[in-house]
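Engineer: Structure below; questions to follow.
2 protein chains.
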Amino acid sequence: MQVWKTYQEENKQRFLDELLQLLRIPSISARTENKADMFVCAEAVKDSLIKAGADSAEVIPTEGHPIVFGEKLVDPAKPTVLVYGHYDVQPADPLELWHSGPFEPVVRDGKIYARGSCDDKGQFYMHVKALETMVRTNTLSTNIKFCIEGEEEVGSPNLAKFVKANRDKLKADVIIISDTAMLSMDTPSIDIGVRGLSYIEVEVTGANRDLHSGVYGGAVANPITILAKMIASCHDADNHITIPGFYDDVVESTSEERKKMGQAPFDEASYKKDLGIQSVWGEKGYSTHERTGIRPTLELNGIWGGYTGEGSKTVLPSKAFAKISARLVPDQSSVKITAKLIEYFRSIAPNGVTVNVIEHHGGEPYMTPMDSVAYQAAAAAIRDGFGKEPIPVRGGGSIPICSLFESELGLKIVFMGFGLDSDNLHSPNEKFDLFNFYKGIETIPFFHRHFAEMSK
Amino acid sequence: MQVWKTYQEENKQRFLDELLQLLRIPSISARTENKADMFVCAEAVKDSLIKAGADSAEVIPTEGHPIVFGEKLVDPAKPTVLVYGHYDVQPADPLELWHSGPFEPVVRDGKIYARGSCDDKGQFYMHVKALETMVRTNTLSTNIKFCIEGEEEVGSPNLAKFVKANRDKLKADVIIISDTAMLSMDTPSIDIGVRGLSYIEVEVTGANRDLHSGVYGGAVANPITILAKMIASCHDADNHITIPGFYDDVVESTSEERKKMGQAPFDEASYKKDLGIQSVWGEKGYSTHERTGIRPTLELNGIWGGYTGEGSKTVLPSKAFAKISARLVPDQSSVKITAKLIEYFRSIAPNGVTVNVIEHHGGEPYMTPMDSVAYQAAAAAIRDGFGKEPIPVRGGGSIPICSLFESELGLKIVFMGFGLDSDNLHSPNEKFDLFNFYKGIETIPFFHRHFAEMSK
Numbered sequence: 045m046q047v048w049k050t051y052q053e054e055n056k057q058r059f060l061d062e063l064l065q066l067l068r069i070p071s072i073s074a075r076t077e078n079k080a081d082m083f084v085c086a087e088a089v090k091d092s093l094i095k096a097g098a099d100s101a102e103v104i105p106t107e108g109h110p111i112v113f114g115e116k117l118v119d120p121a122k123p124t125v126l127v128y129g130h131y132d133v134q135p136a137d138p139l140e141l142w143h144s145g146p147f148e149p150v151v152r153d154g155k156i157y158a159r160g161s162c163d164d165k166g167q168f169y170m171h172v173k174a175l176e177t178m179v180r181t182n183t184l185s186t187n188i189k190f191c192i193e194g195e196e197e198v199g200s201p202n203l204a205k206f207v208k209a210n211r212d213k214l215k216a217d218v219i220i221i222s223d224t225a226m227l228s229m230d231t232p233s234i235d236i237g238v239r240g241l242s243y244i245e246v247e248v249t250g251a252n253r254d255l256h257s258g259v260y261g262g263a264v265a266n267p268i269t270i271l272a273k274m275i276a277s278c279h280d281a282d283n284h285i286t287i288p289g290f291y292d293d294v295v296e297s298t299s300e301e302r303k304k305m306g307q308a309p310f311d312e313a314s315y316k317k318d319l320g321i322q323s324v325w326g327e328k329g330y331s332t333h334e335r336t337g338i339r340p341t342l343e344l345n346g347i348w349g350g351y352t353g354e355g356s357k358t359v360l361p362s363k364a365f366a367k368i369s370a371r372l373v374p375d376q377s378s379v380k381i382t383a384k385l386i387e388y389f390r391s392i393a394p395n396g397v398t399v400n401v402i403e404h405h406g407g408e409p410y411m412t413p414m415d416s417v418a419y420q421a422a423a424a425a426i427r428d429g430f431g432k433e434p435i436p437v438r439g440g441g442s443i444p445i446c447s448l449f450e451s452e453l454g455l456k457i458v459f460m461g462f463g464l465d466s467d468n469l470h471s472p473n474e475k476f477d478l479f480n481f482y483k484g485i486e487t488i489p490f491f492h493r494h495f496a497e498m499s500k
Numbered sequence: 045m046q047v048w049k050t051y052q053e054e055n056k057q058r059f060l061d062e063l064l065q066l067l068r069i070p071s072i073s074a075r076t077e078n079k080a081d082m083f084v085c086a087e088a089v090k091d092s093l094i095k096a097g098a099d100s101a102e103v104i105p106t107e108g109h110p111i112v113f114g115e116k117l118v119d120p121a122k123p124t125v126l127v128y129g130h131y132d133v134q135p136a137d138p139l140e141l142w143h144s145g146p147f148e149p150v151v152r153d154g155k156i157y158a159r160g161s162c163d164d165k166g167q168f169y170m171h172v173k174a175l176e177t178m179v180r181t182n183t184l185s186t187n188i189k190f191c192i193e194g195e196e197e198v199g200s201p202n203l204a205k206f207v208k209a210n211r212d213k214l215k216a217d218v219i220i221i222s223d224t225a226m227l228s229m230d231t232p233s234i235d236i237g238v239r240g241l242s243y244i245e246v247e248v249t250g251a252n253r254d255l256h257s258g259v260y261g262g263a264v265a266n267p268i269t270i271l272a273k274m275i276a277s278c279h280d281a282d283n284h285i286t287i288p289g290f291y292d293d294v295v296e297s298t299s300e301e302r303k304k305m306g307q308a309p310f311d312e313a314s315y316k317k318d319l320g321i322q323s324v325w326g327e328k329g330y331s332t333h334e335r336t337g338i339r340p341t342l343e344l345n346g347i348w349g350g351y352t353g354e355g356s357k358t359v360l361p362s363k364a365f366a367k368i369s370a371r372l373v374p375d376q377s378s379v380k381i382t383a384k385l386i387e388y389f390r391s392i393a394p395n396g397v398t399v400n401v402i403e404h405h406g407g408e409p410y411m412t413p414m415d416s417v418a419y420q421a422a423a424a425a426i427r428d429g430f431g432k433e434p435i436p437v438r439g440g441g442s443i444p445i446c447s448l449f450e451s452e453l454g455l456k457i458v459f460m461g462f463g464l465d466s467d468n469l470h471s472p473n474e475k476f477d478l479f480n481f482y483k484g485i486e487t488i489p490f491f492h493r494h495f496a497e498m499s500k
């Protein structure tokens with residue numbers, strides 16, 4: 045047994061208790077009311093790095109939520125691994141669907157239930173505990189830096205400025221991110237790509253005030269109806285996206301690539317059973333894995349307008365709103381697609397209404413080359429940790445800062461995600477398996493050892 | 045000057061103060077939390093009838109909110125006028141758009157601002173004060189009964205049972221309702237019809253929980269997108285309603301009728317300016333007055349689903365909801381149209397989602413014959429009160445109990461509305477002009493006198 049496995053066994057309850065402590069902080073980056081919690085959480089992350097054996101760690105203010113930076117430098121001759129993660133979490137609502145409080149973590153049936161348990165506190169904390177393990181067992185074979193930000197869930201609006209101003213501080217040989225999933229614990233996989241993101245909010249205004257739907261209904265444009273027509277026009281009957289130019293820059297996968305993807309295990313019956321759906325859904329001509337991996341999508345994230353309370357109100361509302369986001373694949377550009385989305389919604393607005401579109405955030409798609417040292421070291425670590433060859437997959441989610449890191453720091457990124465798609469990310473009852481948490485802490489040191497060896 | 049005009053002049057401040065007191069009670073029938081307020085309001089209405097000189101008045105419980113009944117019987121040989129009105133009001137939200145509290149009535153620029161000021165507390169209270177005026181000035185020429193209910197805004201679910209059980213109590217020669225509008229105070233008009241109503245709520249469910257829009261987006265049906273497509277499919281490009289059979293029973297107006305309607309004054313420029321819109325909107329081939337008068341409509345009253353808070357959340361929601369209502373014209377049937385709406389939304393649900401439709405409430409359309417004694421008496425009263433011939437118009441709103449009264453009591457209904465379309469019914473900053481309030485109290489006694497004379 046590895047010396048670090050023994051260390052983990054002796055400390056596993058404390059590792060868990062520390063994570064639960066971190067999960068108790070409601071670090072929701074989207075909510076102004078949680079601003080103070082963001083600072084509390086950043087300080088806690090900093091303290092955890094120091095406690096784990098980092099030489100130094102600091103909370104660095106930005107115009108938004110602070111960034112935590114820490115490092116453990118063992119030898120300038122050794123390669124440096126930069127761990128990126130985020131301590132901010134998604135909003136927890138709808139609260140009524142949680143079986144226990146989103147910020148009152150509990151362990152049930154071997155799983156940690158809490159907002160952020162998987163995305164991403166539980167995952168970046170594996171690296172903190174792996175650092176501690178390697179330091180205490182004298183097995184650290186690389187230098188390590190940590191960049192843990194507090195704005196990933198709102199599109200990292202202040203990270204670019206930070207990275208550009210701190211190129212030396214962030215200097216490294218590879219970036220590792222644990223913010224993705226595996227196919228399953230029995231079928232380890234490594235994401236070789238994440239999708240990009242464009243996120244907009246559309247506001248449709250009809251009359252200057254809410255009206256009586258009997259007195260004015262039928263004679264004044266209804267912003268909900270107009271918005272519904274706009275949304276309906278975004279996909280055709282085959283669920284292709286109809287926004288002009290949307291697919292222009294999409295790199296189509298070769299039939300070879302698609303054949304390989306088709307070999308990844310997928311059990312449609314249990315997928316449907318888990319989600320409680322009668323049938324899957326999506327763009328005609330593509331499989332479920334392809335729809336979430338190699339194809340761009342356009343999803344409605346929220347909609348509201350008019351009377352939404354108990355009972356009935358015969359109102360013709362003044363306004364209706366929608367939150368809409370697209371997931372992008374290489375070589376789509378988030379900047380270009382956001383512009384196309386905004387232009388589209390403005391252009392289809394009929395005369396009776398005004399349409400205002402605001403931009404929430406975006407990020408470019410990113411792919412990791414499989415022949416890179418980083419990928420090879422990650423694959424070797426998975427083999428050591430899991431005893432199986434990892435399957436390369438393309439993830440559906442987005443980590444908007446990947447292309448920024450690559451262009452600003454000249455670094456490749458490797459994804460070592462230990463979550464599961466079914467971990468209810470961004471949903472009520474987010475969870476993280478204890479097995480995955482401990483397996484991650486055990487596997488990460490293999491990565492450092494392989495990366496150091498392969499970099500020689 | 046009429047003796048009752050003098051009495052009003054001497055008591056006008058008290059009349060107003062009493063109405064403001066009534067407007068302070070948040071009698072929102074749709075909200076469970078206001079249940080106690082409904083009883084408080086019913087008691088206040090009962091007390092006001094006694095104070096105004098009614099022989100008796102009572103608060104009568106129903107399975108929902110209570111009904112207030114009161115009467116002043118002067119002579120069995122004289123005709124009896126039954127006043128119908130409602131003390132319940134619409135919900136007040138969105139609260140943030142009110143310039144003063146919806147239940148903190150204020151008088152600004154000669155207008156009373158409060159929820160219910162026009163719809164319908166301010167209007168039925170004119171009849172209470174007209175009763176007082178006629179009693180105190182010995183000018184009452186009819187018997188009067190009052191039936192003031194507390195569930196009009198939620199579709200009067202318990203009124204039918206009450207009417208059927210109390211035919212003797214409600215026995216009368218005509219029903220008068222002040223719950224509609226005039227074209228303007230310079231252009232008095234009488235509604236000769238109200239539209240019917242069908243009101244449903246549609247719930248679309250995709251997956252059994254909210255999902256990460258990156259991990260599942262594009263592969264699982266999005267209930268907001270599906271709901272938007274369903275809503276979009278309800279109207280064609282000419283804004284005709286596409287629901288099968290929707291227009292089957294519509295009595296088309298003759299070109300003669302439409303020509304007459306076209307003579308009612310309508311200033312499109314000021315209509316648009318008042319509403320802050322660039323252009324009117326609606327069914328092709330019909331004017332604005334026709335769209336709200338002789339044509340049925342289908343309006344979205346509310347929509348919600350997914351993340352509707354501050355900032356962004358990349359969620360693929362489990363559910364989306366819409367509140368949808370149709371306004372109906374003769375000879376459409378609310379029961380039939382509601383069934384068609386429910387059937388339509390169920391039938392177009394694609395495989396990836398489940399659709400549940402609930403029925404809120406409905407009511408049949410109603411027309412008053414212009415050759416009736418009731419209409420003729422109302423027209424004569426308007427001539428006396430305003431010095432002008434009233435224009436007959438078809439109102440866009442609904443008073444669902446009209447057809448019930450006609451069928452159960454064998455009575456014709458006359459609408460004497462003193463509100464204005466621009467009174468922000470069902471909207472923030474509902475108002476009622478003091479001028480209209482006092483003019484109504486002054487005009488109503490003319491109606492009683494004419495009706496008594498014409499009934500001889």
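Chains as they are written, first to last, in our numbering: chain R, 45 to 500; chain L, 45 to 500. Ideal Cβ positions, reconstructed from N, Cα and C, are used throughout, including at glycine.
1. What does the Cβ neighbour count give for L:THR286, buried or exposed, with the cut at 16 atoms within 10 Å?
2. Specify the secondary structure class of L:PRO489 as computed by DSSP and reduced to three states.
3. In or out: L:GLN52 buried (at least 16 other Cβ within 10 Å) or exposed?
4. Beta carbons nearer than 8 Å to chain R: which residues of the region 441 to 466 of chain L have them?
5. In whole angstroms, give me the CA-to-CA distance for L:ASP407 and L:ASN283.
6. Contact criterion: CB-CB distance below 8 Å. Does R:ARG339 meet it with respect to chain L?
7. Name the DSSP bridge partner or partners of R:PHE495?
8. Does R:GLU450 come out as helix, strand or coil in the three-state DSSP assignment?
9. For L:ASP235 versus L:GLY484, is the C-beta spacing smaller than 8 Å?
10. Give me, in chain order, the residues of the same chain whose beta-carbon lies closer than 6 Å to that of R:ASN78; leave out the 5 immediate sequence neighbours on both sides.
11. How about R:ARG302: is its C-beta nearer than 8 Å to some C-beta of chain L?
12. What runs of the beta strand (DSSP E), each 3 residues or longer, lie entirely inside the region 154 to 200 of chain L?
13. Can you tell me whether L:ARG427 is helix, strand or coil according to DSSP?
14. Which residues in chain L sit within 9 Å of R:ALA308, going by Cβ to Cβ distance?
15. Could you give the C-beta distance for R:PRO413 and R:LEU372, rounded to a whole number, given that I count them as a contact under 8 Å?
16. Please identify the residue among R:ASN480, R:VAL417 and R:GLY114 whose C-alpha is closest to the C-alpha of R:LEU126.
17. Which chain L residues sit within Cβ distance under 8 Å of R:THR336?
18. Could you tell me whether any Cβ in chain R is nearer than 8 Å to the Cβ of L:LEU319?
19. Mind listing the chain R neighbours of L:HIS404? Cutoff is C-beta to C-beta under 8 Å, in chain order.
20. Sorted by chain position, which residues of the same chain lie with C-beta nearer than 8 Å to L:GLU452's C-beta, five sequence neighbours on each side aside?
21. To the nearest angstrom, how far is it from the Cα of L:PHE479 to the Cα of L:GLN46?
22. Using C-beta distances below 8 Å, list every residue in its chain close to L:VAL502, excluding the 5 sequence neighbours before and after it, in chain order.
23. Do R:VAL133 and R:GLU197 have their CB atoms nearer than 8 Å?
24. Taking R:VAL238 as the reference, give the member of R:PRO472, R:GLY441 and R:HIS470 with the closest Cα.
25. Taking Cβ positions only, does L:THR124 come closer than 8 Å to chain R?
26. Can you find a C-beta in chain L that's less than 8 Å from the C-beta of R:HIS470?
27. Using 8 Å for Cβ pairs, my map puts L:LEU124 next to L:LYS215. What's the rounded Cβ distance?
28. Verify the contact flag: R:ILE445, CB atom, against every heavy atom of the ligand NAP, threshold strictly below 7 Å.
29. Quick check on R:ALA121: buried or exposed, where buried means 16 or more other Cβ atoms within 10 Å of its Cβ?
30. The beta strand (DSSP E) with L:PRO436 in it runs from where to where?
31. Output yes if chain R places a C-beta closer than 8 Å to the C-beta of L:ASP254; else output no.
32. Can you check whether the CB of R:ILE244 is closer than 8 Å to the CB of R:ILE156?
33. Does the beta-carbon of L:ASN468 have 16 or more other beta-carbons within 10 angstroms, so that it is buried, or is it exposed?
34. Taking the alpha carbon of R:GLY12 as the reference point, which residue from L:HIS130, L:GLY350 and L:LEU342 has its own alpha carbon closest?
35. Under the three-state reduction of DSSP, which class applies to L:ILE34: helix, strand or coil?
Structural biologist: This is what the structure gives:
1. exposed
2. helix
3. buried
4. GLY441, SER442 and ASP465
5. Checking the sequence, you will find Gly at residue 407 of chain L rather than Asp. Looking at the two C-alpha atoms, the distance is approximately 23 Å.
6. yes
7. DSSP lists no partner for R:PHE495.
8. helix
9. no
10. PRO70 and ILE72
11. no
12. 155 to 157 and 187 to 193
13. helix
14. What R:ALA308 touches in chain L: nothing, since even the nearest Cβ is about 14 Å away.
15. About 19 Å; that fails the 8 Å criterion.
16. R:GLY114
17. GLY258, VAL259, TYR260, GLY261, GLY262 and ALA263
18. yes
19. GLY355 and SER356
20. ALA204, VAL207, LYS208 and ARG211
21. 17 Å
22. Outside the displayed span of chain L (45 to 500) sits residue 502 of chain L, for which this structure offers no information.
23. yes
24. R:GLY441
25. no
26. yes
27. At residue 124 of chain L the sequence reads Thr, which differs from the Leu that was named. Going by Cβ atoms, the distance from L:THR124 to L:LYS215 rounds to 7 Å, so yes, they are a contact pair.
28. Absence of the ligand NAP from the depicted structure is noted, as is the absence of any ligand whatsoever, leaving it without description.
29. exposed
30. 435 to 438
31. yes
32. no
33. buried
34. Any answer about residue 12 of chain R is impossible in this case: the structure gives chain R only from 45 up to 500.
35. The question about residue 34 of chain L has no answer here: the residues shown for chain L are numbered 45 through 500.
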